[in-house]
Each structure stands twice: as C-alpha cells, then as structure tokens.
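Numbering (my numbering), first residue to last: 2 to 322.
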C-alpha cells in the first residue's frame, strides 16, 4: 500500500523519474530510432495522457490528481488492487485475474526465449514424421528458389486451416513448397496442381515427391503458366475448374516470375472460392510488383496481410465471402 497525498513534490519527481527510466530500460529501441511506445512501465503508461512515451511537465503536474482519483475508498492511500484496476493493459502485469504484484519482474525460469518461439513442428503421426524427415533430406539436395522452412510451415498451416481441396501452385521449383502443402491435403483429401516451366527442376521435384511419399497428391503441369492456367477455363480440359460445382480453387500460391503475379491473379482470382486464399511469395520492397500490391490492397473484395516480413515476405490475401 502506498500513501501518497502527504508526499512532497520532490517525491513525485523521483517517482516519475524512476517510472521513465524503468520503462526505457525494459523496452528495446524502436526500428528506425526513437523511444519505444510499447506497454513499458505501467505507471508511465497510466500517466502519459498523450501516449508519446514520455511525461511532459503538464503530465507530471497532473500526476497527483490523476493518482488521487484512483483512491476509490478515499483512505488517502493506494492499494495494490486499486493500482491494478487502473492499468491500461488488462488487470496488471499478470493479465485478467491478477498475476505478479506491481513492479515484480519475471524469475529466471519464467521468460520465453527466441528458441521457444522457433521450435520445429511436432509430428502428429507416422506419415507426418516420415514427411518431415524426408524434407530434411530434400533440403540437402539440389535447390532452386525454394521457400524457407518457416514459409513452408505457414503454407501448410493456411492450407489446412481453410480445408483446401484444390490447391494451384505457380512455380514448382524443386518441390519443397508442394511437399509442405501435401501435409495439408493428405489431411483434407485434396490435391495440388503445380505449374513449372523448367524440365530440369520439374524432374527433381518429381523425385522429391516420391521421396516424401506425396506424389499421389500432386500433379505437375508443364509449360509456361501464363498459358497453362488457361486450361482451368476450358470445359474440355481435365484441369477445368467448374466453380459452380464446388470445384473452385481453395488456395492459389504464387511463387514464379514476380512481374507475372498480376496476370496470374487476373486469370485465376475468379476461380478462387469466396473464403479462399491467394498466397504470394517474395512480397518485399525489393521484389514485389507494385501492380500486384495495388491489386491486392485496394480491392474491397480482398483482405491482405504481409507476413514474415523479416524474411522474404509472404502476402496472404483472403477473397471475402
């Protein structure tokens, strides 16, 4: 319990200094410089009226009145419960329902490390265990412009989350992304149609699919994808997509010529089902095509987020229902 109303001004100045210093000590610098604006010290956040990460002279002058207003029982003191109820973030450091007392940090065994946040996938069954082992082997072989391990895991997660039955991939490369997607379709009962223009890469991919035991889930479509995707529009072609008969594309994954993304989008978006996803690889400031970025971020029928920006960048676009 803290008795405040009899405190002199120097005590307030010292308290504010400790709050500010503690906040800056706890938070890393923001990207691009400047002081952090994260949750930081809860006392600082409580008194920082304009949320600029520091206390102005006026905010310091008003601190006593602001804290006095927290004294709900008017006993001239602030209890831990009164402090906790006023925190801008939930109900204190421990979240709703309590937690650590005010000002108490984590113990040496309480924190989360970077490795905790980057743990490898845990196989659910023998199939997944064999496939992940095969993936490690595949990554030791010939590679060309494949997705990263994190990107691959994201592909699997998204495809399985939308219960994808039909996945169209533009740019097979040596097959790593399709293997990740196969983890999803073996669970959903789906199939992957992957387009590749290079015979050599396609041959490596075909061997990798066999090695991973997923070749039954994947069809390689050879040729220039700008032309071969037209097959989905031809009623006489085995690849024909009749969206009216629930044969629409659930996930479209683009990982080929970046300047061609806009063409693939224009040709295939009508065949993506409402609630389906368009996923684009290499969405970063160096590689992304501005025309494609404009198309996926300014269309009211689409919702787009760019994920894994610390890596190559993955654009995830939802076709709204």
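Built from N, CA and C at the ideal position, the CB exists for glycine as well.
query                                                                                                                                                                             : result
Terminal residues of the continuous beta strand (DSSP E) containing residue 275?                                                                                                  : 273–282
Straight-line CA distance for residue 177 to residue 221?                                                                                                                         : 13 angstroms
Look at residue 251 and residue 163 and say whether their C-beta atoms are less than 9 angstroms apart.                                                                           : yes
With C-beta atoms as the reference, is residue 83 less than 9 angstroms away from residue 71?                                                                                     : yes
Does the structure place the segment 305–317 close enough to the segment 278–291 that three or more beta carbon pairs sit under 8 angstroms?                                      : yes
Exposed or buried, what is residue 50 when buried is set at 16 or more other beta-carbons lying within 10 Å of its beta-carbon?                                                   : exposed
Can you tell me which of the three DSSP states residue 186 falls into?                                                                                                            : helix
How many angstroms separate the CA atom of residue 152 from the CA atom of residue 68?                                                                                            : 48 angstroms
Give the DSSP bridge partners of residue 320, in chain order.                                                                                                                     : 303
Strictly by DSSP, which residues pair up with residue 220?                                                                                                                        : 194
Using only the alpha-carbon positions, how far apart do residue 199 and residue 46 sit?                                                                                           : 57 angstroms
Can you tell me where the alpha helix (DSSP H) with residue 269 in it begins and where it stops?                                                                                  : 262–269
In three-state terms, what does DSSP make of residue 170?                                                                                                                         : strand
Identify whether residue 252 lies in helix, strand or coil by the three-state DSSP scheme.                                                                                        : strand
Hey, would you say residue 161 sits closer than 9 angstroms to residue 188, going by beta carbons?                                                                                : yes
Taking only three categories from DSSP, how would you classify residue 163?                                                                                                       : coil
How about residue 192 and residue 173: do their beta carbons lie closer than 9 angstroms?                                                                                         : no
If you compare alpha carbons, which of 272, 74, 206 is closest to residue 169?                                                                                                    : 272
Would a C-beta distance cut-off of 9 angstroms place residue 242 and residue 215 closer than the cut-off?                                                                         : no
How should residue 115 be labelled, buried or exposed, when 16 other C-beta atoms within 10 angstroms of its C-beta is the threshold for buried?                                  : exposed
For residue 130, count the other beta carbons within 10 Å of its own beta carbon; 16 or more makes it buried, fewer makes it exposed. Which is it?                                : exposed
Mind checking whether residue 315 and residue 269 have CB atoms under 9 angstroms apart?                                                                                          : no
Does the beta-carbon of residue 147 have 16 or more other beta-carbons within 10 angstroms, so that it is buried, or is it exposed?                                               : buried
Would you mind reading off the limits of the alpha helix (DSSP H) that contains residue 201?                                                                                      : 200–213
Mind checking whether residue 280 and residue 318 have CB atoms under 9 angstroms apart?                                                                                          : yes
Since I believe residue 211 is in contact with residue 138 (beta carbons under 8 angstroms), could you give me their beta-carbon distance rounded to a whole number of angstroms? : The pair is not a contact, with the Cβ atoms about 12 angstroms apart (cut-off 8 angstroms).
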